[in-house]
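In the UniProt record's numbering, the protein residues as written are 1 to 360. For every residue, glycine included, the Cβ atom is placed at its ideal position computed from N, Cα and C. On a predicted model such as this, the values are computed, not experimentally measured, just so you know.
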């Protein structure tokens with residue numbers, strides 16, 4: 001019998017985390033040579049609003065202004081944060097010790113784009129963080145406006161609501177109200193993922209950074225549940241099932257990416273590529289139920305519902321799931337000790353990154 005998650009919740013995969021994540025939005029305070037002044041002003045004011053609206057979590061927990069469920073989520077964040085620092089060696093500083101009610105479902109809206117006939121991300125360049133394949137707006141209409149501009153230039157686009165992002169250690173990131181609706185596993189994953197970004201970030205290497213954070217967060221959730229509940233606990237066993245399903249889902253999605261990558265490399269006309277890629281998209285949607293018997297939970301059943309496939313969407317997925325085998329080997333090289341592995345990657349340089357991550 002397939003198991004649903006407790007309380008009827010549905011776990012989202014880590015691109016959303018996650019949950020879909022962005023990094024470095026606040027740096028646009030410094031980016032006058034990297035993007036338009038209007039964008040700088042918009043993002044600066046949005047980030048400033050978050051910085052000036054923070055409340056101490058310990059005070060909130062004492063005044064009981066939030067629901068019992070939200071208070072439980074805040075306590076979970078504090079516990080995961082401490083575990084990540086003490087057991088995994090991640091940098092936290094004062095991140096996730098304050099809370100912001102953003103008053104909307106998503107804190108920002110992320111935009112990504114790609115040519116219709118190539119799996120190559122459209123990128124934006126910013127000082128400090130380098131070249132990145134996404135751009136975030138605090139107002140959805142602004143993200144949609146730029147998406148429309150890119151569409152007129154012939155690009156696929158993807159605009160998605162974002163519930164969490166990292167400032168890479170330049171600010172102390174708060175807990176956002178948008179994060180409190182997550183299932184427990186996703187919330188644990190998100191906190192660890194974002195703290196990894198504070199600990200390891202290699203400029204202009206987003207695919208490596210996101211795939212590394214994704215791997216560490218997946219392993220970190222397992223380590224946290226083992227620490228808190230033990231390996232015989234139902235929570236740990238359910239997470240193991242969800243992780244097994246993630247592997248099935250990941251393989252299915254990456255197979256679609258591989259099919260398209262091969263198609264786009266063929267010496268045929270652009271028109272032929274566009275026609276054939278549509279057949280790939282339709283087959284991906286139609287054939288997806290065939291993998292359900294391999295899954296132990298219902299966590300990924302609804303992925304294609306209401307979702308349009310295009311190159312920007314698929315690149316956003318691949319960005320978080322590239323060459324996980326590289327990190328599995330690295331973990332094995334460090335005796336399965338996740339903390340030791342993280343310490344080793346703190347010294348990683350751009351020239352150390354394997355070719356499999358060179359696509360942004």
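Within its chain, find whatever has a CB closer than 7 Å to the CB of residue 229; leave out the 5 residues flanking it on each side and keep chain order.
235, 236
Determine the direct distance from the alpha carbon of residue 290 to that of residue 26, and round the result to whole angstroms.
Unreliable placement is indicated for residue 26, whose pLDDT of 39 sits below 50; the coordinate value is still reported in the next sentence. Approximately 43 Å between the Cα atoms of the pair.
Determine the extent of the alpha helix (DSSP H) in which residue 330 is found, giving its start and end residues.
324–333
Could you check which residue in 321, 232, 277, 95 has the C-alpha nearest to that of residue 118?
277
Look up residue 160 in the DSSP assignment and say whether it is helix, strand or coil.
strand
I need the DSSP call for residue 341, collapsed to helix, strand or coil.
helix
Are the CB atoms of residue 318 and residue 257 nearer to each other than 7 Å?
yes
State the CB to CB distance for the pair residue 175 and residue 77, rounded to an integer number of angstroms; the pair is presumed to be in contact (CB under 8 Å).
5 Å
What are the boundary residues of the alpha helix (DSSP H) that residue 185 is part of?
184–199
Burial state of residue 154 (16 or more Cβ within 10 Å):
exposed
Assuming contact is defined by CB atoms lying nearer than 7 Å, are residue 217 and residue 189 in contact in what I supplied?
yes
Report the rounded CA-to-CA distance for residue 83 versus residue 92, giving the unit in angstroms.
11 Å
What are the boundary residues of the beta strand (DSSP E) that residue 108 is part of?
108–115
Say yes only if the C-beta of residue 83 is nearer than 6 Å to one or more non-hydrogen atoms of the ligand FMN, and no if none qualify.
In the structure shown, the ligand FMN is absent, as is every other ligand, since no ligand is present at all.
Using a Cβ-Cβ cutoff of less than 8 Å, which residues in the same chain neighbour residue 342 once the five nearest sequence positions on both sides are dropped?
88, 89, 90, 196, 199, 200, 216
List the endpoints of the continuous alpha helix (DSSP H) containing residue 220.
206–229
Residues near residue 120 in its chain [Cβ-Cβ closer than 7 Å; skip 5 each side]
114
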